[in-house]
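The block underneath contains the structure these notes are about, expressed in structure tokens.
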Amino acid sequence: MKTATPNTLLARGLIILLMVVTLLPFLSMLSAALAPQGTYPNGLQWPEDPQWGNFIRAFEVAKMDQLLLSSVLIVLGVVPISVAIATMAGYGLAKLTSAKYKWVYLVFVFGLTLPFEAVITPLYYEVRALGLLNTRFAIILPLIGLYMPFGVYWMRAHFLNVPQDLTEAAQLDGATRWKEFLLVQVPLARPAIMSLSILLFLWTWNQFLLPVVLVQDPMQRTMAGALGAFQGQWGTDIPLLCAGSLLILAPTILLFLIFQRQFVAALMQGAVKG
Amino acid sequence: MSENTVSAPDVSQTALRRPSSSGRRKARLIAWAFVAPAAIAYAAFVLVPLCMSVYYSFLRWDGIGKARFHGLTNYITVLTDSDLLQIIGNAFQLVIYFSLIPVALGLAVASAIRSHMAGRFGTMTRTVLFLPQVIPLVAAGIAWSWMFASSGLVNQTLKAIGLSDWARGWLGDFVWALPAVGMIGAWVQLGLCTMLLVTGITKIDPSLYEAARLDGARAWHEFRYITLPGLRQEIGVCITVTVIAALASFDIVYISTQGGPGITTTVPGLEIYRLAFAHRQVGLASALAIVLMLLVLISIAPVQWLTRDKK
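From first to last, the protein sequence lines stand for chains A and B. The opening position of the first sequence corresponds to residue 14 in my numbering, with each subsequent residue numbered one higher. The opening position of the second sequence corresponds to residue -8 in my numbering, with each subsequent residue numbered one higher.
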């Protein structure tokens, strides 16, 4: 369908318009980030003397290196464990249980639409009782639990589509369940596991409510939580705020541009299934 | 989990089918071993807190001192207090922006293009339109606070096209703050909805459109009787995702307006946070939290029911 009908031209026009609208806020931030320190720049105006040094100053002020480390530690604490136990449970619920136990799955699915705000107050008291307030574990442990509805739902959907005889063939070889799971099922599930990992990475990295409530020190937070604190502190210094925001965004955007195909596929499937 | 805990070579699918009671019990045990870690994490950090939320919602408690049983008073307050009703109303108003604008624009683009976006243009479109989905909502909030600022791009544009009278501090305006916050949400959801609908429309059989054209159908009829029914599922997905995002919004409002001016942009998520941690009204905050959870469920249920595959 390569013919350029009036309709496709209209569509292209619309899409280009949408793309411009999508990009404008980023460009506006970039132009403000390059304005001289202490000035109050205009919305979108390329500065005569771009102050690239603002980025260096923002890097130091925001302690970007520590922030990155903190976010990476939180992601490493959340994503591998969540993906592992969600995969196990998805397999267990899809292949090892009879219809009688469908209610277990339904209890998991119930959590899919649960707003985090519905549990944030008790989580605060729970985390405090565990003595974990203001540590990274205050974000890591609750997130693992909060991701289970989606993770289990996602992996069960995958395992339901695996033909049964594959399982049985492995059985005939005398493989144990666990070995069969690890050596046959998990490698086959790699695309589903990959997408789930990408989604959980994004949601963890961008998580805001939990850090705001459970962790006071921005240096123990996720990137999004730290960005909130950065805005609170530097909200009036527009060039510095914009430079810092762009810096904090840079790692995700970089990853996104590199793994564009995988991210888009994961986000679209994630929406459809969620 | 070590290999030993679950290794049971005699339990297999065949054993399941020739039920010996011990084999069946073993199979069930193995199944539970697979499900248990996820179930424990889910119970500890979702189900237990949720039950606690329900419990707190019947209390009058400042979070420190002694709690007193308060019956349904908190729920009555949530459903009758004019401020809280306005706050809940704000969330539903946000739905208009978060859901309607992206779905309407997405449908317009999809029905105009009605084919795969292949090649470099397609890749570029996908990359750009998905950017707002990848960045934290906090960043969207900061970027748009700057866009809506008095010297920001929105006002700059209005002045450039001779509408200086319209220029204002959008996020501090009693009338315009909520629509402005809504536009931030629309910006975030726009790309995802557009891409889902464009992908969905390519799955509709093109011969349907050809037949309609031969019958002399107008564009509106094509849209009404082919495109809309064909995209039912995708529209359902878009509405579900965006309605949840609107009703449970927190990040964008917290960053861009802090709920102000007054309470014109306060949403339930922000109010729960304030009530529980600033005003120390844990009971009322929990009642609002439970109401919010139920509102999300009630709003999503009909969408799911109307748009699911009718097979």
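For each residue, glycine too, the CB sits at the ideal point set by N, CA and C.
Residue i - DSSP class collapsed to helix/strand/coil
| i | result |
| --- | --- |
| leucine 201 of chain A | helix |
| histidine 212 of chain B | helix |
| serine 90 of chain B | helix |
| glycine 132 of chain B | helix |
| proline 128 of chain A | coil |
| leucine 185 of chain A | The predicted model places leucine 185 of chain A with a pLDDT of 48, which falls under 50 and marks its position as unreliable; any figure quoted below should be read in that light. Helix at leucine 185 of chain A. |
| isoleucine 246 of chain B | helix |
| glutamine 64 of chain A | coil |
| isoleucine 195 of chain B | coil |
| valine 125 of chain B | helix |
| proline 252 of chain B | coil |
| arginine 271 of chain B | coil |
| proline 176 of chain A | coil |
| tryptophan 167 of chain B | coil |
| aspartate 78 of chain A | helix |
| valine 189 of chain B | helix |
| alanine 279 of chain A | helix |
| alanine 109 of chain B | coil |
| arginine 299 of chain B | coil |
| glutamine 180 of chain B | helix |
| aspartate 156 of chain B | helix |
| phenylalanine 39 of chain A | helix |
Neighbour flag for residue i against chain B, beta carbons, 9 Å
| i | result |
| --- | --- |
| asparagine 55 of chain A | yes |
| threonine 148 of chain A | no |
| asparagine 174 of chain A | no |
| asparagine 67 of chain A | no |
| arginine 70 of chain A | no |
| alanine 258 of chain A | The question names alanine, yet the displayed sequence has serine at residue 258 of chain A. For serine 258 of chain A, the answer is yes, since a Cβ of chain B falls inside 9 Å of its Cβ. |
| leucine 47 of chain A | no |
| glutamate 130 of chain A | yes |
| leucine 213 of chain A | no |
| leucine 270 of chain A | yes |
| methionine 77 of chain A | no |
Whole-number beta carbon distance between residue j and residue i, since they are thought to touch under 8 Å
| i | j | result |
| --- | --- | --- |
| proline 259 of chain B | leucine 279 of chain B | 6 Å |
| serine 247 of chain B | isoleucine 175 of chain B | 6 Å |
| proline 93 of chain B | cysteine 229 of chain B | 7 Å |
| threonine 298 of chain B | isoleucine 235 of chain B | With 8 Å as the limit, threonine 298 of chain B and isoleucine 235 of chain B do not qualify as a contact, their Cβ atoms being about 15 Å apart. |
| leucine 41 of chain B | valine 132 of chain A | 6 Å |
| alanine 48 of chain A | glycine 257 of chain A | Actually they are not in contact, since the Cβ atoms of alanine 48 of chain A and glycine 257 of chain A sit about 14 Å apart, beyond 8 Å. |
| alanine 22 of chain B | isoleucine 98 of chain A | Rounded, the Cβ-Cβ distance is 14 Å, inconsistent with contact. |
| leucine 149 of chain B | alanine 140 of chain B | Not a contact, Cβ separation roughly 13 Å. |
| valine 26 of chain B | glycine 105 of chain A | 4 Å |
| lysine 190 of chain A | tyrosine 118 of chain A | Note on identity: in this sequence residue 190 of chain A is arginine, with lysine being the wrong assignment. About 19 Å separates the two Cβ atoms, so there is no contact after all. |
| glutamate 130 of chain A | isoleucine 263 of chain B | 5 Å |
| tryptophan 218 of chain A | threonine 249 of chain A | Contact doesn't hold; Cβ gap of about 27 Å is too wide. |
| glycine 103 of chain A | tryptophan 167 of chain A | 7 Å |
is_contact[residue i, chain A] using C-beta, thresh 9 Å
| i | result |
| --- | --- |
| glutamate 225 of chain B | yes |
| alanine 123 of chain B | It is proline, not alanine, that sits at residue 123 of chain B in the sequence shown. Chain A contact via Cβ: present. |
| proline 220 of chain B | no |
| isoleucine 92 of chain B | no |
| isoleucine 78 of chain B | no |
| valine 232 of chain B | yes |
| alanine 171 of chain B | no |
| arginine 299 of chain B | no |
| glutamate 84 of chain B | The sequence given here has glutamine at residue 84 of chain B, not glutamate. No, glutamine 84 of chain B does not count as interfacial toward chain A. |
| threonine 118 of chain B | yes |
| isoleucine 281 of chain B | yes |
| glutamine 73 of chain B | Contrary to the premise, residue 73 of chain B reads as serine rather than glutamine in this sequence. With 9 Å as the cut-off, serine 73 of chain B does not count as an interface residue toward chain A. |
| glycine 62 of chain B | no |
| phenylalanine 214 of chain B | no |
| alanine 203 of chain B | no |
| tryptophan 161 of chain B | no |
| asparagine 65 of chain B | no |
Proximity test, residue i beta-carbon vs the ligand FMN heavy atom, cut-off 8 Å
| i | result |
| --- | --- |
| glycine 182 of chain B | Summarising the ligand content, the structure contains no ligands, and the ligand FMN is consequently not present. |
Mind the definition here: the segment 88 to 104 of chain A touches the segment 206 to 220 of chain A only if three or more C-beta pairs lie below 8 Å; say whether that holds.
yes
Considering only residues of the segment 11 to 75 of chain B, which uninterrupted alpha helix (DSSP H) runs meet the minimum length of 4 residues and lie entirely inside it, listed in chain order?
12 to 33, 39 to 47, 64 to 71
With a cut-off of 8 Å, do at least 3 Cβ pairs link the segment 231 to 242 of chain A to the segment 31 to 50 of chain A?
no
Below 8 Å, how does it come out for the segment 210 to 226 of chain B and the segment 129 to 144 of chain B: are there three or more Cβ pairs, yes or no?
no
Quick check on the DSSP output: what are the complete alpha helix (DSSP H) runs of length 4 or more inside the segment 194 to 268 of chain A, in order along the chain?
203 to 218, 222 to 227, 236 to 247
Report yes or no: do three or more beta-carbon pairs, one from the segment 72 to 84 of chain B and one from the segment 250 to 269 of chain B, lie closer than 8 Å?
yes
At least 3 beta-carbon pairs within less than 8 Å: the segment 223 to 236 of chain A vs the segment 135 to 152 of chain A
yes
Does the segment 95 to 108 of chain B come close enough to the segment 185 to 202 of chain B that 3 or more CB-CB pairs lie under 8 Å?
yes
Is the number of C-beta pairs between the segment 66 to 76 of chain B and the segment 151 to 168 of chain B that are closer than 8 Å three or more?
no
Tell me, please, whether the segment 159 to 170 of chain B touches the segment 19 to 32 of chain A by the rule of three or more beta-carbon pairs shorter than 8 Å.
no
Assess contact between the segment 196 to 206 of chain A and the segment 61 to 71 of chain A, defined as three or more Cβ pairs (one per stretch) separated by less than 8 Å. Is contact present?
no
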